[in-house]
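Asks: Position one of the sequence shown corresponds to residue 10 (the numbering used here), numbered consecutively onward. A single structure is presented below for examination.
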Amino acid sequence: MKALKHLNKYFYKYRYRLIVGIFITIIAKVFALFTPRLIGSSINVVSDRINGKITQEVFESQLFINILYLIGAAILAGIFTFLMRQTIINVSRFIEFDLKNEIYKHYQILSLSFYKANRTGDLMNRISEDVGKVRMYVGPAIMYTMNMITLFVVALIYMYSRSPELTLYTVLPLPILSIAIYKISQVINKRSRIVQESLSKLSSFTQEHFSGISVIKSYSIESPTNHSFEILSSENREKQIDLTKIQALFFPLMILLIGISTLIVAYVGGTLYINGKIKDIGTIAEFLIYVNMLTFPVAMIGWVTNLVQQAEASQKRINEFLKQEPEIKNNIEIPSVIEGSINFNNVSFTYPDTNINALKNVSFNIEAGKTLAILGKTGSGKSTILDLIGRLYDINKGEITIGSTLIGALNLNSLRESIGYVPQDAFLFSDSIKNNIKFGKENATDDDVIIAAKNAKVHSNINDFKDGYNTVLGERGITLSGGQKQRISIARAIIKSPDILLFDDCLSAVDTETEEQILTNLNRVSKDKTTIIVSHRVSSAKNADHIIVLDEGRIIQTGTHASLTETEGYYKDLCIKQRSEKEI
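The following block contains the structure:
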């Protein structure tokens with residue numbers, strides 16, 4: 010139960026609701042337990058009338074009163090049972106809501122390396138399937154536990170007051186039940202965890218392959234993919250069956266023990282009545298009803314124990330991620346003023362997950378309001394520089410300053426809010442085009458959206474769609490071309506009007522003519538903003554105030570377009586090559 014201690018803060022938060030729920034549970038069970046006593050009393054009345062101890066009038070009067078009491082007790086028990094479920098089950102929904110939000114917020118602050126190490130399907134399974142298992146513990150499990158405890162305590166008090174000896178024989182099978190539950194629950198806990206891990210693998214597989222369905226179809230590998238899914242699904246089925254087999258032992262065991270209790274009541278109670286130790290026949294009837302009333306709560310012991318064990322296994326999986334500390338931490342709570350100048354001083358960086366040494370003693374300076382272009386071969390470290398400016402990673406060596414402040418001493422939220430970032434692989438959400446552009450500035454007007462789209466040279470394309478800016482995109486913007494996705498991503502960045510603009514090879518999927526138009530617009534909207542353009546094209550870099558060329562994580566050339574085209578090296582060779590390709 011150690012993992013479930015994490016939920017104590019939520020129990021405390023909703024303590025008043027739970028206390029009220031427990032109080033209502035007690036009242037409901039007290040009224041429910043009027044029934045056996047009233048039935049026992051009614052049987053005694055019938056017995057007294059048969060034996061001539063009471064008159065017909067007294068018999069009818071007492072029987073009528075008992076019936077009224079029975080109806081009243083049943084109605085009140087039903088009302089309080091309804092209130093009990095509304096109170097305690099609602100608390101479980103509140104806790105489910107809070108726990109999902111806690112997990113999601115924690116996911117948001119975890120570093121990129123966490124997402125590289127864990128699969129999306131597993132993350133989704135923990136926030137959905139695992140939280141669902143936990144909800145069953147904080148709702149139905151607690152409700153039925155309180156129901157069972159209250160019923161047992163009140164029923165045993167009633168039963169003991171009627172016949173201590175018969176009560177002792179009736180509860181005799183319960184220790185056997187407790188030992189059996191303890192042994193079986195240990196196995197359930199272990200198998201529940203195995204099942205949840207198997208579900209995570211299955212979720213990860215399906216999510217990944219649905220996202221890459223176009224690749225699967227292009228390579229015509231549907232059959233091998235189906236075969237792989239069948240293997241995973243079969244493994245999951247076997248694990249589910251293993252869990253179900255052990256769970257299936259509970260209810261037959263409960264019913265067996267309750268049946269034994271019923272036989273004991275009938276035999277022992279009858280013997281005691283014959284021997285005169287029980288004065289009236291109604292007591293035996295009461296005990297038989299008590300045993301049957303206890304049947305469901307006792308049967309629920311197995312189900313509740315099963316829920317608790319599954320919740321324990323699920324909460325343990327949830328806690329594994331909640332205990333993960335983000336590698337990138339916000340070191341200052343006070344908002345920072347972000348100045349546009351950026352300085353790299355002997356910066357070296359190695360990716361923690363792959364140990365690739367991406368940057369080696371890189372130094373450069375870009376003044377506020379100026380434009381820097383970064384060129385180089387694939388894997389030379391261009392995108393890494395942008396990641397470090399957004400502090401998606403922390404450097405291993407050297408210093409990065411924004412303005413006059415070390416990047417680690419800036420408020421992380423202030424830093425990222427001041428940056429407009431267009432990644433190399435444009436990501437769009439399954440939402441309208443308008444909302445995808447407004448993602449950079451949620452309070453933007455429709456006019457702001459249109460202006461940003463025009464500057465990104467995508468306005469006319471959007472208007473060609475039937476629903477225009479209200480067109481809902483497929484997952485990851487699959488309904489758009491690569492160039493359209495890139496341009497919408499550019500519009501999202503510039504609508505924000507940030508102090509720093511970072512463009513990571515975001516014009517690779519557009520033609521040169523459109524590229525020229527976009528660059529002209531960007532030069533206008535990025536005036537007085539610090540801009541860094543990563544590209545493989547000289548045409549994207551030629552108007553920059555300063556250019557650096559990277560190779561294997563080192564700066565091999567630096568200067569302006571004019572100076573670099575006159576210097577032998579990578580930039581000049583690239584310029585000649587791309588000029589000849591354009592002429593062809």
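Beta carbons: idealized from backbone N, C-alpha and C, even for Gly.
Quick one: what's got a C-beta closer than 7 Å to VAL39's C-beta in the same chain, skipping five residues either side?
Replies: Excluding positions up to five away in sequence, the list reads VAL163.
Asks: Terminal residues of the continuous beta strand (DSSP E) containing TYR430?
Replies: 428–431 is the extent of the beta strand (DSSP E) around TYR430.
Asks: What is the DSSP secondary structure of GLU561, counted as helix, strand or coil?
Replies: In the structure shown, GLU561 sits in coil (DSSP, three-state: anything other than H, G, I, E or B).
Asks: Report all residues from its chain with a CB closer than 6 Å to the CB of ILE593; omit the five preceding and five following residues, and keep chain order.
Replies: Caution applies to ILE593, whose pLDDT of 49 falls short of 50 and renders its modelled position unreliable; the value that the coordinates give is listed next. For ILE593, where only same-chain residues beyond five positions count, there are no Cβ hits under 6 Å.
Asks: Does the segment 519–529 touch the segment 443–455, meaning 3 or more C-beta pairs lie closer than 8 Å?
Replies: Flag = no, the segment 443–455 and the segment 519–529 do not touch.
Asks: Hey, which unbroken runs of the beta strand (DSSP E) at 3 residues or more fall wholly within the segment 343–392?
Replies: Within the segment 343–392, the complete beta strand (DSSP E) runs of at least 3 residues are 351–359, 366–375 and 380–385.
Asks: Quick one: residues in its chain with C-beta nearer than 6 Å to the C-beta of ILE63, no 5 flanking neighbours on either side, listed in chain order?
Replies: So the list reads ASP57, once near-sequence residues are dropped.
Asks: LEU407 lies in the beta strand (DSSP E); which residues open and close that run?
Replies: Per the sequence shown, residue 407 should be read as Gly rather than Leu. That run of the beta strand (DSSP E) goes 406–411.
Asks: Thinking C-beta only, is SER207 closer than 8 Å to GLU239?
Replies: No, they are not a contact pair.
Asks: Going by beta carbon distance, what residues of the same chain come within less than 8 Å of TYR113, once the five residues before and after it are set aside?
Replies: Same-chain partners within the cutoff: ILE136.
Asks: Between the Cα of GLY390 and the Cα atoms of ASN366, ILE404 and GLY412, which residue gives the shortest distance?
Replies: For GLY390, the nearest C-alpha among the options comes from ASN366.
Asks: Please classify GLN318: does DSSP put it in a helix, a strand, or coil?
Replies: The answer is helix: DSSP assigns GLN318 an H, G or I state.
Asks: What does the Cβ neighbour count give for ASP514, buried or exposed, with the cut at 16 atoms within 10 Å?
Replies: Looking at its Cβ environment, which holds 16 or more other Cβ atoms inside 10 Å, ASP514 is buried.
Asks: Buried or exposed for GLN324, going by 16 or more other Cβ atoms inside 10 Å?
Replies: The residue in question, GLN324, is buried, as its Cβ has 16 or more Cβ neighbours within 10 Å.
Asks: Of the choices THR540, ARG546 and LEU511, whose alpha-carbon is the least far from that of GLU525?
Replies: The option with the nearest alpha carbon to GLU525 is ARG546.
Asks: With a cut-off of 8 Å on the beta carbons, I'd call ALA382 and ALA553 a contact; round off their distance for me.
Replies: Contact holds; Cβ gap of about 4 Å.
Asks: When the Cα atoms are used, what is the spatial distance from LYS586 to GLY141?
Replies: One C-alpha to the other measures close to 59 Å.
Asks: Tell me, which residues are paired with THR567 by DSSP?
Replies: Answer by DSSP bridge pairing, in chain order: ILE557.
Asks: Which residues bound the alpha helix (DSSP H) around LEU181?
Replies: No alpha helix (DSSP H) holds LEU181; DSSP gives it neither H nor E.
Asks: Straight-line CA distance for ASP440 to LYS475?
Replies: Answer to the nearest angstrom: the Cα atoms are 15 Å apart.
Asks: Name the two residues that bound the continuous alpha helix (DSSP H) containing ILE416.
Replies: Unbroken run through ILE416: none, as it is neither H nor E.
Asks: Would a C-beta distance cut-off of 8 Å place LEU368 and SER357 closer than the cut-off?
Replies: Yes.
Asks: Do three or more CB pairs link the segment 77–89 to the segment 315–333 at distances below 8 Å?
Replies: As far as the Cβ criterion goes, the segment 77–89 does not touch the segment 315–333, which means the pair count is below three.
Asks: Within the same chain, show all residues whose beta-carbon is closer than 7 Å to that of ARG171, passing over the 5 residues directly before and after it, in chain order.
Replies: Same-chain partners within the cutoff: THR292 and GLU295.
Asks: Could you work out which residue in PRO45, THR129, ARG533 and ARG200 is closest to THR215 when comparing CA atoms only?
Replies: Minimum Cα distance to THR215 is reached at THR129.
Asks: Could you tell me which whole alpha helix (DSSP H) segments of length 4 or greater appear in the segment 107–182?
Replies: The segment 107–182 contains these whole alpha helix (DSSP H) runs: 121–126, 129–134, 140–145, 151–171 and 173–179.
Asks: Could you check what DSSP says for THR540 in three-state terms: helix, strand or coil?
Replies: Here THR540 sits in strand by DSSP.
Asks: Which of the three DSSP states, helix, strand or coil, is assigned to PHE512?
Replies: DSSP places PHE512 in strand when its eight states are reduced to three.
Asks: Could you please give the first and the last residue of the uninterrupted alpha helix (DSSP H) stretch that includes ASN53?
Replies: Segment 43–59, the alpha helix (DSSP H) holding ASN53.
Asks: Look at the alpha carbon of LEU415 and the alpha carbon of GLN256, and state the distance between them as a whole number of angstroms.
Replies: Those two C-alpha atoms are separated by around 58 Å.
Asks: With 16 other CB atoms within 10 Å as the buried threshold, where does ALA126 fall?
Replies: Classification for ALA126: exposed.
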